[in-house]
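So the sequence shown is numbered by full-length UniProt numbering: it starts at 1 and just counts up by one.
Cβ coordinates follow ideal geometry from the N, Cα and C atoms, glycine included.
Taking it in order: structure first as structure tokens, then the write-up.
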Amino acid sequence: MRSNPAFLIVVVLSLILGSCTEDKKQRALPIYGERELDQKSVDGEMVMDTVYHVVPDFRYMNQDSVWIDQDKVKGKVYVADFFFTTCPTICPKMTSQLKRLQVLTKDIPEIHFLSFSIDPEKDQPEVLRRYIEEYGVSQDNWDFLTGDEEATHELGVKGFLVHADSDEDAPGGFAHSPSLVLVDREGLIRGIYDGTSTEDVDRLNKDIRRLLREEYGADF
């Protein structure tokens with residue numbers, strides 16, 4: 001049976017319009033990661049809904065030997081990175097820039113920071129505490145986390161969409177991205193920034209404020 005060209009055009013147009021209107025919430029920043037269209041019935045009508053990539057559940061021990069999971073950042077906007085304390089290259093710059101960002105955002109009550117060690121065998125809580133002291137970091141809204149190495153590397157790549165892996169040819173034995181990842185209250189990734197760049201971290205500060213003002217109605 002031959003297809004009706006006019007009908008096909010209508011179907012294609014409806015899919016295009018549906019994809020444009022499937023997310024009615026005004027977005028201040030893009031949403032990162034793969035997404036799927038899910039067809040469901042609403043009041044007897046079939047509509048298309050977008051299913052976005054969400055950071056998966058996690059559970060790690062922090063510098064104070066306290067277990068931390070996604071509930072710690074539930075309903076908050078947070079910034080995550082992957083590092084290791086013996087990193088001889090980009091980690092010191094990333095930590096310094098994150099510390100600067102922590103100061104820049106001290107007027108934002110809900111902001112939180114998570115730093116995941118990709119070398120948990122060495123980076124036990126007492127080592128993380130020494131690292132925090134070395135950099136003079138405030139622990140009020142910043143957790144340094146240690147856990148299973150393989151799971152952490154997978155969390156970086158599949159969860160936060162940044163590279164993190166062991167590599168015997170890399171300085172320090174690990175290779176990872178310098179990325180700082182901005183996550184919103186729903187667990188959606190809203191931005192990825194170069195944590196060694198002052199300019200990019202300043203942009204991250206602006207984007208955090210824009211996200212909170214335009215999507216969540218914050219007033220500051």
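Closest by CA to residue i, which one among the options?
i    : options                  : result
Q102 : K25, P56, G172 and D143  : D143
D71  : H112, E154 and E214      : H112
T198 : T85, R35 and R100        : R100
L98  : Y193, E110 and D169      : Y193
E110 : P92, L204, V77 and T85   : V77
S138 : K106, L204 and K206      : K106
D57  : L128, E154, K93 and L104 : E154
N141 : Y216, F174 and V73       : V73
T152 : F220, F116 and Y216      : F116
Considering only the beta carbon of each residue, do residue i and residue j sit closer than 8 Å?
i    : j    : result
I118 : F160 : no
S179 : V162 : yes
V51  : V183 : no
E121 : E149 : yes
D188 : I68  : Before going on, a small fix: residue 188 reads as Leu here, not Asp. Cβ atoms of L188 and I68: not closer than 8 Å.
G75  : R210 : no
Q63  : I132 : yes
V181 : A80  : yes
State the Cα-Cα distance for the pair residue i and residue j, rounded to the nearest angstrom.
i    : j    : result
I108 : G44  : 43 Å
M48  : E36  : 10 Å
H176 : C91  : 9 Å
P125 : T89  : 22 Å
T21  : L29  : The predicted model places T21 with a pLDDT of 40, which falls under 50 and marks its position as unreliable; any figure quoted below should be read in that light. Spanning the two alpha carbons is a distance of roughly 17 Å.
A218 : L212 : 5 Å
G33  : H53  : 5 Å
R203 : E214 : 16 Å
L114 : P171 : 23 Å
S96  : Y135 : 7 Å
L104 : F220 : 13 Å
C87  : Y216 : 37 Å
A164 : I208 : 24 Å
Buried or exposed: residue i, going by 16 or more other Cβ atoms within 10 Å of its Cβ?
i           : result
residue 232 : No answer is possible for residue 232: the residues shown for the chain start at 1 and end at 220.
V42         : exposed
T146        : buried
R130        : exposed
S65         : exposed
Q39         : exposed
F84         : buried
Y60         : buried
G195        : buried
D123        : buried
F174        : buried
Provide the residue(s) that pair with residue i in DSSP beta bridges, ordered along the chain.
i    : result
Y52  : R35
K122 : Note: K122 sits in no beta bridge, so no partner.
A175 : D165
I68  : Y60
D107 : DSSP lists no partner for D107.
T146 : M61
K40  : V47
L188 : V54
Y116 : Tyr is not the amino acid found at residue 116; the sequence shown has Phe there. F116 is bridged to F82 and L145.
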